[in-house]
Amino acid sequence: MSSSNEKPSPEPRRSFFTKLLAGLTGVVALLGPVGAGIAVLLDPLGRKKTEGKWIRVATLDALPADGKPYRFAVVDEAPTDKWNLYDPQPIGTLYLTRLDAKATPTAISAECPHLGCTVDFQNSSGEFHCPCHSADFDVHGVRTDEESVSPRDLDSLEVEIRKGKEIWVDYRKFKAGVGDQVVV
Amino acid sequence: MFRRIADWLDDRTGCRKAVHEVLYRRIPGGARWRYVWGTTLIFAVFVEFVTGLFLWMHYSPSTQTAWESVYYIQYEMSGGSLLRGLHHYMAQALMVLLALHLMQVVIAGAYRAPREVNHWTGLALMATLLVMGQTGYLLPWDQRGYHATQVATNIAGVTPVVGDQVKAIAIGGSEFGHHTLTRFFALHAGLLPALLLGLLMLHVAIGRRHGVTAPVESKRPDTPYWPDQALRDGIACLAVLGTVGLLATQWRADLGPPSDPTVDFNSARPEWYFLFLFQLLSYFKGASGMFIAAQLIPGLLLLGMALMPFVGRWKLGRSFNVVFLFALLASVAGLTGVALYEDYNGKTDESKQFLAHLALGHDQAERARELASMGIPIEGAKQMLRDDPKAAGYQLFQFHCAACHDHYDAQSETIGDRLLHVQGDEPTASNLYGFGSRQWVEGMLDPEKIAGPHYFGRTLLAEGEMVEWVKDYIGDVSDLDESEKKTYAKQVKAVAWALSAEAKLPYQRDIDQRDQAQISVGNKLAIEEFGCIDCHKMGDQGDLGTGPDLTSYGSHDWLLEFLKNPHAERFYYSKENYDEVDRLMPAYAAHADDPKLSDHQLHLLTRWLRQDWPMPVDLKAGE
Ligand code: FES
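Protein sequences appear in the order of chains X and Z. All the letters of the first sequence, read from the start, carry residue numbers 1 to 184 under the working numbering. All the letters of the second sequence, read from the start, carry residue numbers 1001 to 1623 under the working numbering.
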């Protein structure tokens, strides 16, 4: 077996070619299946981002006009997850506030901009509090600590009144942990 | 015969030499206890592989089956709890052993030439194990793992440039779902173990090549591995297994409530070996704080460890490395300690809230197990809890009623079941715990209590006729002598019991049955003596339009209708108060086409208020 190594190759050009070819076929053969797998792995990147959805959250009579934030569930009428289509389900929560009977309500997402925990409005302090790393926000969602762990204020959402009394919100989720509002 | 087979095999494979090489390799300076750490680490990895394999046989990664299959392993399969416990606690033991091994390496300076590559494979092993821990935490798909992983993937998302892509690939889309589980599972049970195995083999092979780092001063003769060192290794492994086994049987591996993003879970924390990072996060503020705390600092520390072989070349380098590692471990320990203290001290508001949420999580998990033991519907455990009067009723009450109402047992010192305990910070209406029960109605007819905070004290009705009547009619016993007072108290009680029996509360079924005689006496008294029917309708006596209808008071149907529209004539509406009703309780489904709460939700809420929910048969019998 070892004897062939001792003889110098008679055709160096062809040998170089063979080596190159052998190397290439090897690499292609090995990378082929990996590539196929990676293509599937990257599938989420190719998908279009789901922009905000206008969702009917409540009616005006459900929201006292006392300037206090009230929490409402955001219900998606047809949520999907890959192969599943679900019955209507809550996909998040938000706070609606109405200053007085005439004002259009404002909406604030209940998702903490720091890392995405759910903030809680506390009647006693009149502030939103995040239980995870203790970020605090005032009724309007503005950070109260000068040095807050939260990189930005609570995210406000667009509100529209339809048919005179229905409160519709352009519901979106924003990227956590960054200073700017980036839709995810 | 045996020998012949062995010879045959050896001739074809050369196995004898291989075995000999392993067993009789020379240990410089003889067998020592301090050489066992490496072996225990390999052993711990072996235990993880074995237990993991068997868990795999029974685990099903999808959002409707992950929690469910883990529940089944843990609570229904024989030995399941131990198996999962071993897997769970051995992973934690691994982290401890890893830290010890690392300390040993750094103190001995065992990273110096020619062992640099081995040091790096060791660090790569550590990183792999940490990622395995993190991915494994999600797989049960309970609230803890779900929320902790949400944080972890959000951290991945702030990586500069590629953050969004990394996150999307990791969770398989823009939201957590089926593919988050399948991907994490493939990482945890496929890719990472393969990587781990490869690295481990490399690490051990290179380690063998260089031999153990013998203490310089050793004068003892070398001995072969077998049997002295092998025995020490065996004992050490058994000790590790024993400790982990004890942990696994004493404190079962936890399974939190099934994940549901719409149910608040404010006690989510990472595994303890990541707590220091969690704590670090709260010190770094502002827009780039998270990147610095969760990526830059850990990255630099890892880099520092990787550079140890080079730093170690300098004169003071080795001591520097030792100081560096100990400072690092001390800060990790310190941060972990602070994180634990802040959560568990029980004194600060934050800690109190955390502990309350923690207890709530336990009770939710407990309820999920109760329901699961009766069979989980095909839609999965999340939906099962959303349809459960106890768990979902609690959520609904928190969400829709707790701004005004409390719901807790004021008689009891301890909190008991958290799913029945709602204590608002500024309630403006009554405490609805045990609504319609004997205790509740007795309190209502008690002149001391009716205007108190648990009944009408905080509402408009504090000035109302009912309060006046209870105070004047029931409260005024000045013209009675002692024995008359006693009889009278008994009569009041009978009336209360009769009214309470109208509710047909499931938890009062037995006593209602037992006290039928008193109840009919009470009924008669209410109509003939007490004059309840002057204001209330009771069966075919009395009229609507002054006080609420007392027919079937507190029953499922009564309560349901009341929640739908308390302003109806059957309840609060009357000619006198008609401008006031709106300021009392709001209606939740006054108009059928535009309800604030759906029929399903109202049914759940009603059943929760009546503590009317399914219980497993054996638990019921045990009560
Ligand atoms: S997630 Fe809210 S403070 Fe960290």
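Glycine residues also receive a C-beta, built at the ideal position from the N, C-alpha and C atoms. Computed from a prediction, not measured in an experiment: that's the story for all the values here.
Assuming residue i is part of the beta strand (DSSP E), what are its boundary residues?
{"i": "Thr59/X", "result": "Lys53 to Thr59"}
{"i": "Gly92/X", "result": "Gln89 to Thr97"}
{"i": "Ala73/X", "result": "Pro69 to Asp76"}
{"i": "Phe1176/Z", "result": "First-last for Phe1176/Z: undefined, no H or E at that position."}
{"i": "Asp1388/Z", "result": "Premise fails: Asp1388/Z is in no beta strand (DSSP E) and is neither H nor E."}
{"i": "Thr106/X", "result": "Thr106 to Ser109"}
{"i": "His129/X", "result": "Glu127 to His129"}
{"i": "Ile167/X", "result": "Glu166 to Tyr171"}
{"i": "Gln122/X", "result": "Asp120 to Gln122"}
{"i": "Arg162/X", "result": "Val159 to Arg162"}
Between the C-alpha atoms of residue i and residue j, what's the straight-line distance to the nearest angstrom?
{"i": "Thr1149/Z", "j": "Glu1076/Z", "result": "27 Å"}
{"i": "Leu1355/Z", "j": "Gly1346/Z", "result": "7 Å"}
{"i": "Lys165/X", "j": "Leu60/X", "result": "5 Å"}
{"i": "Ile1667/Z", "j": "Ala1205/Z", "result": "Since the first and last residues shown for chain Z are 1001 and 1623, residue 1667/Z lies out of range."}
{"i": "Leu1544/Z", "j": "Arg1570/Z", "result": "6 Å"}
{"i": "Gly1242/Z", "j": "Val1036/Z", "result": "16 Å"}
{"i": "Gly1177/Z", "j": "Ser124/X", "result": "36 Å"}
{"i": "Phe1456/Z", "j": "Gln1508/Z", "result": "24 Å"}
{"i": "Leu37/X", "j": "Gly1416/Z", "result": "It should be noted that the sequence gives Gly, not Leu, for residue 37/X. Cα to Cα, the separation comes out at about 52 Å."}
{"i": "Ser1387/Z", "j": "Glu127/X", "result": "The residue you asked about is not Ser; residue 1387/Z is Asp in the sequence shown. Computed Cα separation, rounded: 32 Å."}
{"i": "Val1470/Z", "j": "Leu1445/Z", "result": "6 Å"}
{"i": "Lys1449/Z", "j": "Cys1404/Z", "result": "18 Å"}
{"i": "Ala22/X", "j": "Leu30/X", "result": "12 Å"}
{"i": "Gly1207/Z", "j": "Glu1116/Z", "result": "11 Å"}
{"i": "Asp1481/Z", "j": "Thr1487/Z", "result": "10 Å"}
{"i": "Glu1623/Z", "j": "Val1617/Z", "result": "Legend: pLDDT at Glu1623/Z = 42, less than 50; position of this residue unreliable, value from coordinates given subsequently. Near 10 Å, if we compare the C-alpha coordinates of Val1617/Z and Glu1623/Z."}
{"i": "Asp138/X", "j": "Phe1265/Z", "result": "22 Å"}
{"i": "Ala1621/Z", "j": "Met1615/Z", "result": "With a pLDDT of only 47 at Ala1621/Z, under 50, the local geometry of the prediction cannot be trusted, and the value read off the model is given with reservation. About 10 Å."}
{"i": "Met1/X", "j": "Leu1129/Z", "result": "The pLDDT assigned to Met1/X is 41, lower than 50, so where the model puts this residue is not dependable, and the model offers no usable value."}
{"i": "Tyr1111/Z", "j": "Leu1302/Z", "result": "14 Å"}
{"i": "His1147/Z", "j": "Leu1138/Z", "result": "9 Å"}
{"i": "Ser4/X", "j": "Ser15/X", "result": "Only weak support exists for where Ser4/X lies, its pLDDT of 48 falling under 50; the value from the coordinates is given anyway. Whole-angstrom Cα-Cα distance: 14 Å."}
{"i": "Met1538/Z", "j": "Asp1510/Z", "result": "23 Å"}
Shortest alpha-carbon distance to residue i belongs to which of the options?
{"i": "Ala103/X", "options": "Pro88/X, Ser109/X and Gly67/X", "result": "Gly67/X"}
{"i": "Pro151/X", "options": "Leu1097/Z, Tyr1283/Z and His1087/Z", "result": "Tyr1283/Z"}
{"i": "Ala1381/Z", "options": "Leu1525/Z, Ser1062/Z and Arg1025/Z", "result": "Ser1062/Z"}
{"i": "Gln1134/Z", "options": "Gly1157/Z, Ala1091/Z, Met1103/Z and Asp1343/Z", "result": "Ala1091/Z"}
{"i": "Leu1597/Z", "options": "Gly23/X, Val57/X, Leu157/X and Leu24/X", "result": "Val57/X"}
{"i": "Leu1461/Z", "options": "Gly1085/Z, Arg1607/Z, Met1585/Z and Arg1112/Z", "result": "Met1585/Z"}
{"i": "Gly1245/Z", "options": "Gly1234/Z, Ser1081/Z and Ser1483/Z", "result": "Ser1081/Z"}
{"i": "His129/X", "options": "Asp1349/Z, Thr1414/Z and Val1492/Z", "result": "Asp1349/Z"}
{"i": "Cys1237/Z", "options": "Ala1359/Z, Ala1391/Z, Ala1099/Z and Val1047/Z", "result": "Val1047/Z"}
{"i": "Tyr1628/Z", "options": "Ala1498/Z, Gly1522/Z and Trp1613/Z", "result": "Outside the modelled stretch of chain Z, which goes from 1001 to 1623, sits residue 1628/Z, for which no answer is possible."}
Could you tell me whether any non-hydrogen atom of ligand 3 is closer than 8 Å to the CB of residue i?
{"i": "Leu115/X", "result": "What this structure holds is ligand 1, not ligand 3."}
Along the chain, where does the alpha helix (DSSP H) that runs through residue i open and close?
{"i": "Ala1603/Z", "result": "Checking the sequence, you will find His at residue 1603/Z rather than Ala. First-last of the alpha helix (DSSP H) with His1603/Z: Asp1599 to Leu1609."}
{"i": "Gln1518/Z", "result": "Gln1516 to Glu1528"}
{"i": "Val1492/Z", "result": "Glu1482 to Glu1502"}
{"i": "His1188/Z", "result": "Per DSSP, His1188/Z belongs to no alpha helix (DSSP H) and is neither H nor E."}
{"i": "Val1019/Z", "result": "Cys1015 to Leu1023"}
{"i": "Ala1327/Z", "result": "Gly1317 to Tyr1344"}
{"i": "His1088/Z", "result": "Gly1080 to Ala1108"}
{"i": "Met1308/Z", "result": "Met1308 to Val1311"}
Can residue i and residue j be called in contact, C-beta distance under 9 Å?
{"i": "Pro1258/Z", "j": "Ala1152/Z", "result": "no"}
{"i": "Leu1419/Z", "j": "Asp1260/Z", "result": "no"}
{"i": "Ile1378/Z", "j": "Tyr1071/Z", "result": "no"}
{"i": "Asp1628/Z", "j": "His1454/Z", "result": "Residue numbering for chain Z in the displayed model covers 1001 to 1623; residue 1628/Z lies beyond these limits and cannot be assessed."}
{"i": "Leu1559/Z", "j": "Gly1393/Z", "result": "no"}
{"i": "Leu1102/Z", "j": "Met1132/Z", "result": "no"}
{"i": "Arg1026/Z", "j": "Gly1211/Z", "result": "yes"}
{"i": "Leu1100/Z", "j": "Leu1083/Z", "result": "no"}
Using the beta-carbon of each residue, which ones in chain A are nearer than 7 Å to residue i?
{"i": "Asp170/X", "result": "Checking the listed chains, one finds no chain A in this structure; the protein chains it contains are X and Z."}
Original post:
What are the residues of the stretch 56–72 of chain X that lie near chain Z, defined by any Cβ-Cβ distance shorter than 9 Å?
Top reply: Under the 9 Å Cβ criterion, the stretch 56–72 of chain X contributes Ala58, Thr59, Asp61, Ala62, Pro64, Lys68, Tyr70, Arg71 and Phe72.
**OP:** For the stretch 1273–1303 of chain Z, enumerate the residues whose C-beta is nearer than 7 Å to any C-beta of chain X, in chain order.
**Re:** Cβ contacts with chain X come from Leu1281, Ser1282, Lys1285, Gly1286, Ala1287, Gly1289 and Met1290.
Subject >> Residues from the stretch 1331–1346 of chain Z in contact with chain X, defined by Cβ distance under 8 Å >> reply: Result list empty, no residue passes.
**OP:** Pull out every residue of the stretch 1362–1388 of chain Z whose Cβ sits closer than 8 Å to any Cβ of chain X, in chain order.
**Re:** Hits within the stretch: zero.
Subject >> Residues, ordered as in the chain, of the stretch 1511–1543 of chain Z that lie near chain X by beta-carbon distance below 9 Å >> reply: Here the close residues number zero.
Subject >> Chain-ordered residues of the stretch 129–160 of chain X with a beta carbon less than 7 Å from chain Z >> reply: Hits within the stretch, in order: Pro131, His133, Ser134, Glu147, Ser148, Val149 and Pro151.
Original post:
Quick one, which residues of the stretch 1235–1266 of chain Z are near chain X if we go by CB-CB under 8 Å, in chain order?
Top reply: For chain X, the residues of the stretch 1235–1266 of chain Z that bring a beta carbon within less than 8 Å of one of its beta carbons are Pro1261, Thr1262, Asp1264 and Asn1266, in chain order.
**OP:** Using a Cβ-Cβ cut-off of less than 7 Å, give me the residues of the stretch 1173–1202 of chain Z that come near chain X, in sequence order.
**Re:** Going along the stretch 1173–1202 of chain Z in chain order, one finds Gly1173, Ser1174, Gly1177, His1178 and His1179 with a Cβ nearer than 7 Å to chain X.
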